[in-house]
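At position 98 of the sequence shown (counting the first as 1) the number is 97 in numbering that gives the first Met the number 0, and the numbers step up by one without a gap. Worksheet: the structure to be examined is printed underneath.
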Amino acid sequence: MSKILILNGANLNLLGRREPSIYGFETLVDLERKLTAQFPTTELDFRQTNSEEELIGFIHEAFENKHSVVLNPGAFTHYSYALRDACAALTSSGSKLIEVHISNPHSREEFRHTSVISSVATGVIAGFGLESYSLAVSALTSN
């Protein structure tokens with residue numbers, strides 16, 4: 000199994016402090032510790048950026064190296080066609096990409112109901128808190 004990139008987009012660096020009633024009190028550091036302990040034999044590479052350009056670069060890196068990706072695009076989910084096209088290139092090359100969301104976007108504001116990423120993702124997991132990431136890594140490691 001190749002490396003799995005765990006990619007987090009805009010504002011996820013504030014996890015644990017931003018709207019904890021929606022996103023919880025756990026941080027990205029907590030997530031990294033949990034997943035590393037849960038999947039000790041899987042090479043996981045954790046990254047977060049508020050830059051659309053940098054996030055696309057991470058997807059391109061996964062494309063070039065045939066890595067799988069767990070992606071929480073944050074707000075880029077709803078409007079970044081450039082990110083969508085990078086994700087489409089990745090999945091059409093045979094690599095897997097699972098889109099994750101901590102909350103359930105469909106139970107929130109109307110603008111959050113549309114994802115431009117979902118149609119090119121291998122799968123989508125949403126609404127299970129940080130467990131969404133565990134479910135995604137499980138799906139990628141069970142194949």
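Glycine included, C-beta positions come from ideal geometry on N, C-alpha and C. Given the structure is predicted, the values throughout are model-derived calculations rather than measurements.
- The region 83-101 and the region 29-43 do not touch, with fewer than three beta-carbon pairs separated by less than 8 angstroms.
- Counting only runs of at least 3 residues, the region 65-112 fully encloses the following beta strand (DSSP E) elements, listed from N- to C-terminal order: 67-71, 96-100.
- Between the region 76-90 and the region 41-50 there are fewer than three inter-stretch CB-CB distances shorter than 8 angstroms, so the stretches are not counted as touching.
- Inclusion of Val68 and Leu54 in the CB contact set at 8 angstroms is not warranted, their separation being larger than that value.
- Looking at the backbone, the Cα of Lys65 and that of Cys86 are separated by about 12 angstroms.
- By the Cβ neighbour-count rule, Gly8 is buried, with 16 or more other Cβ atoms within 10 Å of its own.
- Contact between His77 and Ser114 holds, with the beta-carbon distance rounding to 7 angstroms and staying under 8 angstroms.
- Of the candidates Pro72, Glu31, Ser137, Gly128, the residue whose Cα lies closest to the Cα of Ser20 is Gly128.
- Taking a contact as a CB-CB distance under 8 angstroms, the pair Leu34 and Ile5 counts as one, their CB atoms being some 7 angstroms apart.
- When the beta-carbon positions are compared, Leu139 and Ile124 stay at least 8 angstroms from each other.
- A direct Cα-Cα distance of roughly 13 angstroms separates Leu11 from Glu31.
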